[in-house]
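Input: a single structure, listed below in structure tokens.
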Amino acid sequence: MSHTERVVILVDMDCFYCQVEEKLDPRLESLPIAVVQYNAWRGGGIIAVNYPARDKGVTRHMRGEDARAVCPEIQLVKVPNVRGKADLTKYREAGKRVAEVLQAFTPLLQRASVDEAYLDITKLVKKRIEEDPEQISKDKMKNTHIVGFKTEDFLINSYKDKIYNDKNFNLAMGGLIAEEIRAAVLEKTGYKCSAGIAHNKILAKLVAGLHKPNQQTIIPQDSIPQLYETLSIKKIKNLGGKFGNMLSEKLNIENMGQLSQFSHKDLSKHFDEKTTNWLYNIARGIDSEPVTTRLVPKSIGCCKRFPGKNCLILPEDVDHWIGELAQEIAERLEQDFEENNRRAKQIIVSFTQKINFKDVTSSRTQSLTSYDFKKVKQIGMDVLNRHCLKSDGNYHILFLGLNVGNFEDNKNVSKITSFFKNGTENVKNPEIVDSKVTKIFFKAFQGPSCSTKEQIQEDIITNEETEKADNKEDNVSIYSVSTVDLEEDIDNFIYYDDVFCKKDDLNKSENPSPRKDRPGSFFKRYFHKPEERNFDTSKIFEEESSEEENYENNITEPEENNGFKHFQFCAECNKKIPDNEYQSHIDFHFAVKVSDDKVSENTQNNTVQKCSIQNMLKNVNSHNELIDLSNVEKCPDCNKLIPLSEVQSHKDYHFALKLVKEESHIYKTKPSILNTEKYTTATKTKNKKVEKSNKNLKRKVSEIKSNISLKSFFKTEDLNNDNSTICSTCCKRIKLEDFGSHVDFHEARKLHNQLNSTPTTPSKKVEKPNTSKGIVSYFKP
DNA sequence: ACGGGTGGCACA
DNA sequence: TTGTGCCAC
Ligand SMILES: Nc1ccn([C@H]2C[C@H](O)[C@@H](COP(=O)(O)OP(=O)(O)OP(=O)(O)O)O2)c(=O)n1
Ligand SMILES: [Mg+2]
Ligand SMILES: [Mg+2]
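See the structure below:
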């Protein structure tokens with residue numbers, strides 16, 4: 000495939016947020032305006048500037064005050080404040096309307112941000128040329144620029160041979176289509192935009208910015224040397240940051256033209272193969288990155304900073320803000336479900352704390368089983384309590400974020416509901432009459448008979464409307480949110496099962512095979528000191544004109560390893576552990592050890608092991624380094640000194656430990672039918688994962704189909720998965736309404752275990768022997 | 001310690 | 001299939 004085969008367009012809206020505001024308030028049109036958020040302090044931060052204001056020197060990084068200084072007439076439009084934070088909904092909505100217009104031209108569309116999208120119109124171009132090659136005329140291309148040409152000359156040249164198979168002719172037709180696209184966007188949305196037309200994404204993006212606003216630019220491949228001659232490296236996407244700077248320094252160059260002087264071999268002296276290929280190709284205007292088909296975002300997030308004195312200290316403040324974020328997320332999730340018929344399965348809770356005068360950012364992944372705002376909030380609080388709550392009962396949080404993703408399509412919902420109404424006879428589509436449907440019935444009819452109402456609610460995808468009602472007041476005190484109690488009436492729920500469905504077609508297409516000509520982690524390359532290497536002669540050389548070389552990945556085997564190829568050896572079990580699982584793996588051993596330790600304390604046995612454990616806990620960290628005793632904190636759960644930097648994972652250990660005990664309790668007490676159901680619904684991914692990561696376990700499971708082995712298998716899995724859903728997994732069957740009580744339950748179990756007694760019911764509050772602060776206090780504000 | 005809120009992605 | 005950092009808008 001030649002690198003000039005495709006025709007790619009990048010459409011980027013002009014000063015987008017400003018246009019959105021101008022449309023909403025036409026009085027603003029033709030005035031210099033800027034969109035700011037949080038305008039209380041120094042006029043707020045500017046995030047968009049329209050062109051009249053740019054003419055006056057207003058730029059994005061300025062504060063509102065600065066803008067006023069340069070342009071006194073400027074109109075500062077505020078981003079709406081909802082629930083105490085900036086709310087970007089109206090811009091997202093506007094971007095969506097634009098994308099829908101674009102999609103009418105081709106399904107091969109990749110939304111790249113709120114205000115831009117790539118379109119691969121190769122086929123459309125060919126079709127239009129077949130229909131009528133002579134339809135391109137200068138007057139239809141009034142706002143079109145062509146790098147290295149006068150528009151008229153370019154068109155004349157394109158037509159001159161009358162064969163119409165020139166690459167440039169494809170671009171010319173692309174330009175015409177782009178004009179039509181932009182006209183359609185303007186007509187249907189009222190927004191103006193600019194576009195770049197090229198043979199690949201990088202170039203389309205690059206040239207789209209050359210002429211703005213309301214214009215478009217074509218870049219013929221032959222004009223690249225001219226374009227690059229004075230083009231700063233920073234202008235190329237992915238070279239605008241630290242890596243780009245390092246590149247400039249290392250090679251002592253500023254322009255793309257200079258970069259193109261470097262041979263592949265030269266580059267390979269400084270960069271790894273993937274990066275080398277990418278740089279080499281980009282320096283020649285070659286980029287094979289496909290346009291993927293994605294109209295909707297893959298994730299939905301919201302976050303807020305609490306810098307400096309605004310940091311969150313008190314539990315009530317943390318509770319409040321995580322609630323605000325959860326509320327926004329829940330709202331947007333609900334809307335996303337209605338629009339896209341999909342369900343997010345995963346939520347990531349992010350936070351940065353001040354630890355030892357340094358900002359430390361972390362995140363934890365949890366599984367998401369309900370869109371109920373209270374449950375979302377509970378997940379967030381749970382994570383924060385585990386990782387941020389200090390022993391003095393306070394926090395020091397500078398940033399909070401919730402991000403949901405891992406969407407799964409909810410196809411056949413309508414079929415399923417009608418299925419319920421009409422009974423099995425009426426099932427028309429044989430495709431869905433399989434184990435999935437069987438499972439649905441099992442859950443629907445067996446579930447209630449063997450589990451509590453709360454447990455059923457956990458399985459039901461709720462249709463929550465009630466909580467939207469009140470929390471709408473803007474621009475009030477940050478604590479103004481009203482606390483509406485959500486009435487959860489199970490009778491009002493619509494039952495949708497989270498059916499396993501085939502991979503969504505659209506998403507599936509966005510799955511490029513691994514390549515070696517992509518920019519990789521830029522960080523990694525900072526100090527990359529490549530061993531002297533012989534250049535691989537198997538590289539592909541393809542270009543009829545033979546003036547250019549195109550280094551493509553010679554990938555015979557796409558790195559079969561479905562996962563990660565880097566491992567560490569576990570000191571405990573000597574097994575090779577994938578890097579990404581290492582922390583959880585350590586957690587696992589730790590939990591087991593602590594568990595044994597406690598037992599041995601009780602039985603006055605095995606003092607050697609106890610000693611080693613205490614060593615581990617007391618004076619070395621997980622890297623076997625001596626702990627700086629000035630930076631430790633006493634763990635309220637085990638009373639041992641933990642380096643501050645490891646406090647969070649240490650809490651994970653305890654959490655995992657508790658899980659062990661709780662799970663064993665569940666196995667003992669729950670009816671087997673419940674267990675069976677639990678594990679059938681426990682998602683296939685667990686099974687899959689084990690197939691990869693631990694053959695032994697897998698074999699056990701397949702050999703012994705008994706409940707017991709299955710249970711222990713999953714138990715191990717849960718532990719092995721630090722972040723994992725842990726609670727969500729067990730909570731699938733356990734009331735989550737109030738995680739505090741849930742934790743109390745764990746605590747009670749733990750105490751019982753320590754006392755070698757058989758636990759019975761979760762007790763609400765078990766006072767701990769006065770040794771120290773119990774872990775319960777961790778979870779309670 | 002104040003450009004903040006979002007989103008995608010590669011690596012380990 | 002997790003956590004972190006980079007890059008971008
Ligand atoms: N750091 C940034 C950059 C951009 N945006 C938002 C506001 C912009 O309006 C929108 C689109 O970003 P662009 O980079 O495309 O910039 P504009 O559309 O505002 O201007 P241009 O006409 O140059 O594209 O994204 C933002 O919130 N924060
Ligand atoms: Mg724009
Ligand atoms: Mg943009």
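To convert, note that position 40 of the first sequence is 39 in numbering that gives the first Met the number 0; the numbers rise steadily by one, no gaps. Ideal placement from N, C-alpha and C gives every residue a C-beta, glycine not left out.
Item	Value
Boundaries of the alpha helix (DSSP H) in which M380 is found, first to last residue	F372 to H386
Neighbouring residues (CB closer than 5 Å to any heavy atom of ligand 2)	D11, M12, F15 and D114
Closest by C-alpha distance to K344, when choosing among K297, I321 and M61	K297
For R304, three-class secondary structure by DSSP	strand
Three-state secondary structure (DSSP) of F242	helix
Residue span of the beta strand (DSSP E) that contains H144, given as start and end	T143 to I145
beta-carbon P212 near ligand 1 non-hydrogen atom, thresh 7 Å	yes
Alpha helix (DSSP H) segment containing Q225, residue limits	I223 to E228
Distance, L258 Cα to I145 Cα	23 Å
Cβ neighbours of C70 in the same chain (closer than 8 Å, five flanking residues each side left out)	P31, A52, K55, G56 and V57
Spatial distance of L367 from L399 (CA atoms)	18 Å
Whole alpha helix (DSSP H) elements within the segment 265–316, 4-residue minimum	272–281
Top-ranked residue by Cα proximity to N393, from S267, E130, M380 and I312	I312
CB of S349 within 8 Å of CB of T364, strictly	no
Boundaries (first-last residue) of the alpha helix (DSSP H) holding E186	K166 to T188
Reference N164, options E133, E179 and K187, closest by Cα	E133
Cross-strand partners of Q326 (DSSP beta bridge)	Answer is none; Q326 lacks a bridge partner.
Any non-hydrogen atom of ligand 3 within 7 Å of S157 CB	no
Assigned secondary structure, S247 (DSSP; H/G/I helix, E/B strand, else coil)	helix
Neighbourhood of L185 by C-beta, 7 Å cutoff - its chain only, sequence neighbours within 5 removed	K191
Expected contact under 8 Å - CB spacing of Q36 and A116 to nearest Å	Not really, about 24 Å apart at Cβ, beyond 8 Å.
Which of helix, strand or coil DSSP assigns to M61	coil
Residues near P79 in its chain [Cβ-Cβ closer than 8 Å; skip 5 each side]	A85, D86, T88, K89 and D473
Proximity to Q18 [Cα-Cα], best of V6, A33, I8 and R62	A33
Where G208 falls, given that 16 or more other Cβ within 10 Å makes a residue buried	exposed
Candidates V113, R5, V403 and K410, of which the one nearest A203 by Cα	R5
Member of S193, L401 and V48 whose CA lies at the smallest distance from the CA of G322	L401
Own chain, CB closer than 8 Å to E21, minus 5 neighbours either side, in chain order	L27, E28, I32 and N49
Bridge-paired residues (DSSP) for A85	N80
Span of the beta strand (DSSP E) around F104	Unbroken run through F104: none, as it is neither H nor E.
Cβ-heavy atom distance, S112 to ligand 3, below 7 Å	yes
Contact under 8 Å by Cβ, K353 with L397	yes
Whole-angstrom distance between S112 and K268, CA atom to CA atom	35 Å
Endpoints, beta strand (DSSP E) assigned at D358	K357 to S366
DSSP state of S629 mapped onto helix, strand, coil	Because the pLDDT of S629 is 32, which lies under 50, any placement of that residue in the model is unreliable, and the number read from its coordinates should be weighed accordingly. Of the three classes helix, strand and coil, the one that applies to S629 here is helix, per DSSP.
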